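**Student:** Below you will find the structure I want to go over with you.
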């Protein structure tokens, strides 16, 4: 098991969790993947379609892992959240997707 600890003050948790939830919802509802981020095969349409389906399914699983993490009663406290290695890896990928979405959606206005 992997212990994930991310202690946050209660006031910051009140802000961070709703932002995470908003970005999760946004990613869940997006129409397809941003293909410009991936080096997709171009010479085989079937392979390309299969690849995109796989990426979409994996992103969905990653977002489920993030949702389980941020809704865990110990998230943001001084107590660790115990995760299986595969789930921890999926949560980290999902958190990366959220980070990119926050950067694109919220922080782009600050540039």
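Residue numbers (this note's numbering): 21 to 131. Heads up, the beta-carbon is just placed ideally off N, CA and C, and yes, glycines get one too. Fair warning: this is a prediction, and the values are worked out from it, not measured in the lab.
1) Which residues share a DSSP beta bridge with residue 101?
2) Which two residues bound the contiguous alpha helix (DSSP H) that contains residue 82?
3) Just verifying my parser: in three-state terms, what is the DSSP assignment at residue 38?
4) Pairing CB atoms from the stretch 102-109 with CB atoms from the stretch 22-36, are three or more of them under 8 Å?
5) Please classify residue 45: does DSSP put it in a helix, a strand, or coil?
6) I believe residue 87 touches residue 32 by the beta-carbon criterion, under 8 Å. Please report the beta-carbon distance rounded to the nearest angstrom.
7) Beta carbon of residue 40, beta carbon of residue 84: below 8 Å?
**Tutor:** The short version:
1) Its beta-bridge partners are 24.
2) 65-90
3) Three-state result, residue 38: helix.
4) yes
5) helix
6) Not quite, the Cβ-Cβ distance comes to about 19 Å (not below 8 Å), so this is no contact.
7) It is not a contact, given that the beta carbons lie outside the stated cut-off.
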